[in-house]
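Number of protein chains: 2
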Amino acid sequence: MRVLVLGGDGFCGWPTSLYLSDRGHDITILDNLSRRKIDIELEVESLTPIRPVGERIRVWREVSGREIGFVSLDLATEYDRLVSLLEDLRPEAIVHFAEQRAAPYSMRNTPARRYTVDNNVRGTHNLLTALVATGIDTSLVHLGTMGVYGYGWSGSAPIPEGYLTVKVPTPDGEIEREILHPANPGSVYHMTKTLDQLMFAFYAKNDGLRITDLHQGIVWGTQTQQTIRDERLINRFDYDGDYGTVLNRFLMQAAIGHPLTVHGTGGQTRAFIHIRDTVRCIEIAVTNPPADRTRPRVLNQITETHRVLDLAKMVADIMGADIAYLPNPRQEADENDLAVRNDQFLALGLQPTTLSEGLLEEGKDVAGRYRDRVDPTKIICRSVWRSGMEKADDLLTELPVQ
Amino acid sequence: MRVLVLGGDGFCGWPTSLYLSDRGHDITILDNLSRRKIDIELEVESLTPIRPVGERIRVWREVSGREIGFVSLDLATEYDRLVSLLEDLRPEAIVHFAEQRAAPYSMRNTPARRYTVDNNVRGTHNLLTALVATGIDTSLVHLGTMGVYGYGWSGSAPIPEGYLTVKVPTPDGEIEREILHPANPGSVYHMTKTLDQLMFAFYAKNDGLRITDLHQGIVWGTQTQQTIRDERLINRFDYDGDYGTVLNRFLMQAAIGHPLTVHGTGGQTRAFIHIRDTVRCIEIAVTNPPADRTRPRVLNQITETHRVLDLAKMVADIMGADIAYLPNPRQEADENDLAVRNDQFLALGLQPTTLSEGLLEEGKDVAGRYRDRVDPTKIICRSVWRSGMEKADDLLTELPVQ
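Which chain is which? The protein sequence lines are A and B, in order.
The working numbering runs 132 ahead of the 1-based position in the first sequence.
The working numbering runs 132 ahead of the 1-based position in the second sequence.
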């Protein structure tokens with residue numbers, strides 16, 4: 133299939149592009165390199181030494197014999213170029229990763245809040261209007277987040293896949309209605325994904341667009357079978373307080389002898405997925421477009437749930453590390469239970485890669501190999517949800533000698 | 133109270149500014165004159181001869197002895213100037229009308245779809261972030277729309293004010309949850325108001341902002357006790373297919389001898405409010421800020437509901453006019469019932485101005501007085517919800533001699 137990958141240079145976008153290319157799909161990446169530019173703003177770099185996108189694509193051609201196209205384009209502002217690209221390429225599927233994707237960054241300060249909304253909402257809406265304007269019949273696969281549902285809202289009921297059946301009282305008795313699960317976003321970033329959902333619902337209903345919204349859990353892991361073929365294809369690994377995801381941060385911390393940073397009690401339960409399963413899920417979604425054009429299909433893209441403190445203890449036990457309990461910069465419940473339905477991906481053939489000692493060790497190895505690239509002043513999360521909230525000091529000012 | 137009126141030069145904003153000024157409040161209008169500029173784009177003008185905003189404010193000073201401030205500012209793009217203004221003014225209340233507000237215009241073409249989203253979402257979000265950044269403790273009153281609820285969704289139950297109590301099944305039995313009423317927007321314009329709702333919910337929860345969202349019905353009428361004091365204060369009256377609201381269009385059509393344009397069967401039931409009640413409701417909302425800072429207060433700003441065909445028949449009977457049944461440019465149900473709760477405004481003292489012969493006559497008089505300003509080629513609505521939908525021809529190519 134001809135697939136356009138929006139945001140195809142990022143943490144999920146790059147390994148997805150390689151995986152789809154490896155599976156025989158014809159890939160074009162669209163990216164404005166925003167993620168790399170935010171690294172410059174934050175004065176931090178991926179722990180792994182990622183190469184320029186042109187070099188990445190060249191090496192992939194050497195290694196695989198396959199071409200990947202690249203277009204430098206800002207989805208939020210370059211509408212006319214987007215339309216030209218769609219008309220030239222006529223993609224059979226579009227994978228949309230092109231959004232600012234870090235919750236802490238979205239709460240960092242006013243420019244970051246505004247960038248997250250302006251970029252994410254306009255990018256998604258430009259894409260939807262461009263599909264209407266060009267009339268291209270494609271299947272749009274969007275990366276959403278489990279965070280649209282919030283945590284603990286539905287009591288002991290597992291979180292359904294997008295839609296919830298509720299009973300509504302009327303003068304003539306209760307009626308049943310299937311609704312989009314109520315939105316309970318925990319950050320400006322998550323909020324933008326709840327706005328995306330409403331735009332998808334409208335453009336499916338009004339214009340018959342075929343849309344799949346993937347509510348993904350927290351991604352961990354770094355390498356896939358494609359990115360590992362050459363060091364110059366390596367995927368990015370964020371360890372900093374804004375962009376690092378919790379389990380990868382623990383692995384990095386264990387690798388350098390830094391205490392594992394648990395925010396609050398660690399009683400938060402979250403859903404997880406390994407990057408290798410992310411790329412498989414995307415292919416499943418791309419190659420199984422929804423039949424229904426009246427409303428978006430929603431799939432929960434997760435494989436397991438864990439309490440953050442349990443993850444910290446597991447990493448600490450296996451790899452030897454202390455745990456530090458730090459003030460929580462987020463406004464969220466101290467503790468929550470979480471059960472999530474993911475029946476649709478399982479039915480479509482996903483075989484989950486679950487947490488295991490081997491996988492954790494592999495993560496630690498990546499972190500260990502590039503430990504000298506760590507800036508210890510970037511580890512603590514200092515983006516707080518409201519001004520005045522407590523921020524932790526650095527726990528290490530320089531890396532311990534190994 | 134010191135009140136900042138965003139979009140204070142528009143159809144609802146201008147009479148609201150004058151009413152609040154007349155009631156002794158200290159008013160500053162912020163407006164980028166977008167609505168006047170869209171008139172230029174559409175090659176149409178208000179039926180009533182509205183004066184430049186500077187003249188309006190000068191005349192109001194002559195007539196009332198009261199000053200109204202004016203700031204020309206684009207809420208969606210001039211963030212830093214907005215912050216400076218807020219810090220200088222420190223308003224005790226902000227009324228937010230500054231959004232593109234016509235459903236047909238929002239469906240007109242791609243630039244209009246994009247403008248509606250880019251302007252409305254960024255404007256609202258800039259305002260919210262600016263309130264957080266400046267820490268100004270103000271009460272924000274936003275003009276939403278009844279269209280966020282959709283029509284016919286809740287069976288025989290009246291539409292509640294913002295929040296709906298539903299029952300959710302769990303393994304431990306049903307639990308009750310109060311949710312924001314599910315969003316069922318009928319156009320890109322209405323969609324932006326559903327996005328606003330989610331942004332308000334987040335910024336109330338996270339930052340404790342005090343927000344009132346007014347879900348307003350279709351406004352009819354033109355003049356208030358303030359705009360009528362001098363012809364140069366006259367309010368705008370839109371009669372064209374994009375911006376004209378249904379009842380005002382019928383009044384204009386009756387006044388010039390044009391058949392009343394009913395789209396589809398006319399079986400659509402909608403909620404209405406007279407412009408005189410709009411301005412009263414705004415003052416009630418401004419002077420009664422919500423106590424709750426954890427979630428927005430939602431009030432339904434409507435006074436009555438009517439079936440469109442019944443309105444057409446009423447106007448036709450009283451004023452003598454034919455009815456023309458035209459293809460419906462909207463994707464909507466042919467017919468719906470509608471009951472709406474508006475208990476909160478009634479409890480806060482609103483005394484509804486309901487449809488009556490006198491009011492209709494007054495509307496017809498306004499239209500009759502300025503009938504020579506009508507461009508008959510602008511009457512038919514030609515913005516369709518999907519390309520390829522049927523568009524009606526002009527019913528009149530020139531005004532009938534009176």
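Glycine included, C-beta positions come from ideal geometry on N, C-alpha and C.
Bear in mind that the values here come from a model prediction, so they are computed numbers and not experimental data.
Classification of residue i by the beta-carbon crowding that lies within 10 angstroms, buried from 16 upward
i       : result
R240(A) : buried
G349(B) : buried
L470(B) : buried
A230(A) : buried
R254(B) : buried
S519(B) : exposed
Q534(B) : exposed
D504(A) : exposed
D475(B) : exposed
T426(B) : exposed
L478(B) : exposed
I366(A) : buried
G305(B) : exposed
P193(A) : Correcting the residue type first, residue 193(A) is Arg in the shown sequence and not Pro. Classification for R193(A): exposed.
Contact belief for residue i with residue j at Cβ below 8 Å, rounded distance in angstroms
i       : j       : result
V227(B) : V135(B) : 6 Å
S178(A) : V418(A) : 26 Å between Cβ atoms; not a contact.
V185(B) : L205(B) : Contact flag wrong, Cβ pair sits at about 13 Å.
Q433(B) : L346(B) : 4 Å
T359(A) : L150(A) : 6 Å
M133(B) : E219(B) : About 18 Å separates the two Cβ atoms, so there is no contact after all.
D409(B) : L482(B) : 7 Å
G398(A) : L458(A) : Not quite, the Cβ-Cβ distance comes to about 10 Å (not below 8 Å), so this is no contact.
G140(A) : I161(A) : 3 Å
L443(A) : L379(A) : 6 Å
K299(B) : K299(A) : 4 Å
V249(A) : H257(B) : 5 Å
T180(A) : V498(A) : 7 Å
L383(B) : V320(B) : L383(B) to V320(B), Cβ: 27 Å. No contact.
E494(B) : I450(B) : The Cβ separation is near 12 Å, so there is no contact.
V351(B) : I405(B) : 6 Å
Contact under 8 Å by Cβ, residue i with residue j
i       : j       : result
T297(B) : P422(B) : no
T354(B) : I388(B) : no
T356(B) : A403(B) : no
P428(A) : F332(A) : yes
A208(B) : N251(B) : yes
R183(B) : R361(B) : no
I291(A) : R473(A) : yes
G279(A) : G318(A) : yes
D328(A) : G294(A) : no
R246(B) : Y502(A) : no
V176(B) : K496(B) : no
T401(B) : T435(B) : no
L221(B) : L341(B) : no
T326(B) : S286(A) : no
V191(B) : I159(B) : no
G396(B) : D339(B) : no
Residues of its chain near residue i, where Cβ-Cβ distance is below 8 Å and the 5 sequence neighbours each way are ignored
i       : result
P391(A) : Q385, A453, D454, I455, A456, L527
V394(A) : V440, L441, A444, I455, A456, Y457, L458
N468(A) : Y283, G284, G399, Q400, T401
Residues near residue i by beta carbon distance below 7 Å, same chain, minus five either side
i       : result
V215(B) : A262, A265, T266
E530(A) : P508
R412(A) : L482
E415(B) : Y151, L152, R155
R213(A) : L205
Y375(B) : A234, Y237
Contact set for residue i: own chain, Cβ-Cβ below 6 Å, skip 5 residues either direction
i       : result
P532(B) : G389
G500(A) : A387
F143(B) : R368
E522(B) : P459
Q. Are the region 307 to 325 of chain B and the region 312 to 327 of chain A touching, with three or more C-beta to C-beta distances below 8 Å?
A. Three or more Cβ pairs drawn from the region 307 to 325 of chain B and the region 312 to 327 of chain A lie within less than 8 Å of each other, which places the two stretches in contact.
(Q) Whether or not the region 223 to 240 of chain B and the region 365 to 380 of chain B are in contact is what I'm after, with contact meaning three or more pairs of Cβ atoms, one per stretch, closer than 8 Å; do they touch? (A) Result yes; three or more Cβ-Cβ pairs closer than 8 Å.
Q. Any contact of the region 517 to 534 of chain B with the region 188 to 203 of chain B, i.e. 3+ C-beta pairs under 8 Å?
A. Contact fails: fewer than three Cβ-Cβ distances are below 8 Å.
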